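*Asks:* Going by the UniProt record's numbering, the sequence shown opens with residue 1, and the numbers climb by one from there.
Structure incoming, see below.
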Amino acid sequence: MSAVPGPTPLAPTAPVGAPQRLGVVVNPTAGKGRGERVGRDVVDRLAATGHDVWDLSGHSADLALEHTRRGLADGLDALIVVGGDGMVHLGVQAVAGTAIPLGVVAVGTGNDFATTLGLPVREATPALDTLLAALDAGEAGVRAVDAIRVTGDGLSSRKQAGESLRWVAGAVSAGLDAAVNERANAMLRPRGEARYVVAALREIAGYRAWHYHLTFEHTQGDDAAIDALRSLPGFTDLGPEADGDGRRLRWDSRGALVTASNGATIGGGIPVAPHAAIDDGLLDIVVAGDVGRGGASVLFPQILAGGRHLGHPLVRVVRARALDIQPGDGHIPSAFGDGEHLGALPLRAELVPGALRVLTTRLG
């Protein structure tokens with residue numbers, strides 16, 4: 001594995017079958033500690049096929065991202081992440097909005113992004129076989145998918161053009177699911193998936209609805225769909241957008257759930273937005289009104305049980321291109337994206353069509 005060399009501009013996608021300069025970032029704790037071993041295997045196999053492989057991993061996510069950005073500036077053809085959705089999130093910060101494709105060897109606990117794309121998960125060998133096939137295919141091995149551009153002064157991120165910016169591959173959460181995520185991250189025990197179950201039970205036990213001011217931009221749907229949204233207390237139709245593309249809606253209410261989804265699942269397979277598509281140019285924004293503590297104890301299991309929450313009378317799905325989230329009075333959870341902490345509200349989440357290029361020959 002070579003050190004990162006000096007700047008050498010290369011074409012975004014190498015010719016079919018040509019050796020490429022590949023950056024690899026590994027989460028050593030992914031897959032209950034398998035990440036480091038799998039990462040070595042990935043590097044060895046990529047190098048054995050003639051590619052020039054650069055190790056961009058670091059002892060922290062911030063350092064790994066710094067290495068990655070430096071590698072991209074120095075002429076990488078593609079970036080490969082080894083781990084779960086957290087590693088995808090790291091990679092997306094570096095390559096979203098560029099021509100550099102992202103490869104995923106999904107061996108983490110939560111692999112929602114890879115699952116959405118139809119990539120192998122938790123098994124390194126088939127995941128790497130799929131990756132190598134995509135690399136060999138040249139441009140035919142690259143698929144463009146959407147990504148969420150998140151901006152807001154409270155985000156923990158780099159500054160770009162004077163504003164905080166984060167990219168999200170899967171979903172932005174700012175309700176009960178975000179509160180559960182935040183609580184789970186602060187817990188030392190139990191470990192693994194059980195930690196999230198315990199966190200959910202504790203969060204529901206103390207649940208009180210949060211106050212939101214939401215604005216949905218370029219909302220899509222026929223008259224019946226818009227009427228269904230307006231039937232939820234707090235919704236207001238502000239009329240058509242100036243460019244005629246959809247409508248602008250507001251929701252001022254106390255609520256339990258606000259999740260803007262690019263993909264169908266979060267949290268390792270939870271179908272919060274089961275009809276979302278990663279390449280349709282729209283967010284599926286799931287909101288739930290003030291269901292009360294008893295209702296929250298029903299709503300969360302319904303989400304886990306194959307998306308049954310969509311039938312709840314206080315749940316709506318808004319298909320829109322952008323969402324502005326302003327906090328109302330009182331405490332409100334921090335926002336999370338791809339299971340990673342984003343920061344405090346307010347924020348704006350905008351779907352950017354085709355912002356991310358992914359190495360795959362599969363259609364998902």
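Heads up, the beta-carbon is just placed ideally off N, CA and C, and yes, glycines get one too.
Owing to the predicted nature of the structure, the values given are computational and were not obtained by experimental measurement.
Count the other CB atoms within 10 Å of the CB of Val53; is the residue buried (16 or more) or exposed (fewer)?
*Replies:* For the purposes of this step, residue 53 is identified with residue 53 of the sequence shown, where counting begins at 1. With 16 or more Cβ atoms within 10 Å of its Cβ, Val53 is classed as buried.
*Asks:* Spell out the partners DSSP gives Arg40 in its beta bridges.
*Replies:* To locate residue 40, count along the sequence shown from 1; it is residue 40. Bridge partners of Arg40: none, in fact.
*Asks:* Can you give the Cα-Cα distance for Ala78 and Asp279, rounded to whole angstroms?
*Replies:* For the purposes of this step, residue 78 is identified with residue 78 of the sequence shown, where counting begins at 1. For the purposes of this step, residue 279 is identified with residue 279 of the sequence shown, where counting begins at 1. Cα to Cα, Ala78 sits roughly 21 angstroms from Asp279.
*Asks:* Flag this pair as yes or no: are the beta carbons of Thr219 and Ala320 separated by less than 8 angstroms?
*Replies:* Working through the sequence shown from its first residue, we reach residue 219 at position 219. Working through the sequence shown from its first residue, we reach residue 320 at position 320. Closer than 8 angstroms, so yes.
*Asks:* For Ala322, which residues from the same chain have a beta carbon less than 6 angstroms from its beta carbon, with the 5 sequence-adjacent residues on both sides left out?
*Replies:* For the purposes of this step, residue 322 is taken as the residue at position 322 of the sequence shown. Same-chain partners within the cutoff: Glu217, Glu350.
*Asks:* Among Gly267, Gly281, Gly263, Leu282, which residue has its Cα nearest to the Cα of Ala273?
*Replies:* The residue you call residue 273 lines up with position 273 of the sequence shown. When each option's Cα is compared against that of Ala273, the closest is Gly263.
*Asks:* Grab the span of the beta strand (DSSP E) containing Arg308 for me, first residue to last.
*Replies:* As a working note, residue 308 is residue 308 in the sequence shown. Where Arg308 is concerned, there is no enclosing beta strand (DSSP E), given that its DSSP letter is neither H nor E.
*Asks:* In terms of alpha-carbon separation, which member of Asn181, Asp41, Gly295 lies closest to Asp338?
*Replies:* Translated into positions along the sequence shown, residue 338 becomes position 338. Comparing Cα positions, the closest option is Asn181.
*Asks:* I need the boundaries of the beta strand (DSSP E) containing Arg319, first residue and last residue.
*Replies:* Along the sequence shown, read from residue 1 onward, the residue named residue 319 stands at position 319. Counting along the chain, the beta strand (DSSP E) containing Arg319 begins and ends at 315 to 320.
*Asks:* For the segment 326 to 340 and the segment 288 to 303, state whether three or more C-beta atom pairs, one from each stretch, are separated by less than 8 angstroms.
*Replies:* Result no; under three Cβ-Cβ pairs closer than 8 angstroms.
*Asks:* Using a threshold of 8 angstroms, state whether the C-beta atoms of Leu102 and Val81 are closer than that.
*Replies:* Residue 102 sits at position 102 when you count from the first residue of the sequence shown. Residue 81 sits at position 81 when you count from the first residue of the sequence shown. In this structure, Val81 lies closer than 8 angstroms to Leu102 by Cβ.
*Asks:* Whose C-alpha, out of Phe300, Gly268, Leu257, is nearest the C-alpha of Ile285?
*Replies:* Here residue 285 refers to the residue found at position 285 of the sequence shown. Per the Cα distances, Leu257.
*Asks:* Could you tell me whether the segment 99 to 115 touches the segment 354 to 363, using the rule of 3 or more Cβ pairs below 8 angstroms?
*Replies:* The segment 99 to 115 vs the segment 354 to 363: in contact.
*Asks:* CA-CA distance, Ala344 and Pro333?
*Replies:* Within the sequence shown, residue 344 is the residue found at index 344, counting from 1. Within the sequence shown, residue 333 is the residue found at index 333, counting from 1. Those two C-alpha atoms are separated by around 8 angstroms.
*Asks:* How is the beta strand (DSSP E) around Gly146 delimited, first residue to last?
*Replies:* As a first step, residue 146 must be located in the sequence shown, where it is residue number 146. Checking the displayed sequence, the identity of residue 146 turns out to be Asp instead of Gly. Residues 142 to 151.
*Asks:* Taking the beta strand (DSSP E) that Ile204 falls in, what are its first and last residues?
*Replies:* For this step, residue 204 is matched to residue 204 along the sequence shown. From DSSP, Ile204 is part of no beta strand (DSSP E) but of the alpha helix (DSSP H) over 194 to 205.
*Asks:* Short of 7 angstroms in beta carbon distance, which residues of its chain neighbour Lys159, apart from the five on each side in sequence? Order them along the chain.
*Replies:* For the purposes of this step, residue 159 is taken as residue 159 along the sequence shown, with counting starting at 1. Confidence in Lys159 is poor, its pLDDT being 48 and thus under 50, which makes the residue's placement unreliable; the coordinate value appears in the next sentence. There are no such residues.
*Asks:* Give me the DSSP bridge partner(s) of Pro327.
*Replies:* Here residue 327 is taken as the residue at index 327 of the sequence shown, counted from 1. Bridge partners of Pro327: Tyr212.
*Asks:* What do you reckon, are the CB atoms on Ala171 and Ile266 nearer than 8 angstroms?
*Replies:* Counting from 1 along the sequence shown, the entry for residue 171 is found at position 171. Counting from 1 along the sequence shown, the entry for residue 266 is found at position 266. Closer than 8 angstroms, so yes.
*Asks:* Could you say which of Ala61, Leu56, Gly83, Ser60 lies nearest to Arg70 if we only look at CA atoms?
*Replies:* Position 70 of the sequence shown, counted from the first residue, corresponds to residue 70. The candidate whose alpha carbon is nearest that of Arg70 is Leu56.
*Asks:* Can you check which of these residues, Gly141, Asp136, Thr125, is closest to Leu117 by C-alpha distance?
*Replies:* Within the sequence shown, numbered from 1, the residue matching residue 117 stands at position 117. Minimum Cα distance to Leu117 is reached at Gly141.
*Asks:* With DSSP as the reference, please indicate the residues paired to Gly103 in a beta bridge.
*Replies:* Within the sequence shown, residue 103 is the residue found at index 103, counting from 1. Note: Gly103 sits in a beta bridge opposite Ile80.
*Asks:* For Asp252 and Asp153, I'd like the C-alpha separation in whole angstroms.
*Replies:* Counted from its first residue, the sequence shown places residue 252 at position 252. Counted from its first residue, the sequence shown places residue 153 at position 153. Their backbone Cα atoms lie some 21 angstroms apart in a straight line.
*Asks:* Taking 8 angstroms as the threshold (C-beta atoms), are Gly23 and Leu76 in contact?
*Replies:* To locate residue 76, count along the sequence shown from 1; it is residue 76. To locate residue 23, count along the sequence shown from 1; it is residue 23. Yes, Cβ-Cβ distance for Leu76 and Gly23 is below 8 angstroms.
*Asks:* Following the continuous beta strand (DSSP E) through Arg357, name the residue where it begins and the one where it ends.
*Replies:* As a working note, residue 357 is residue 357 in the sequence shown. First-last of the beta strand (DSSP E) with Arg357: 347 to 359.
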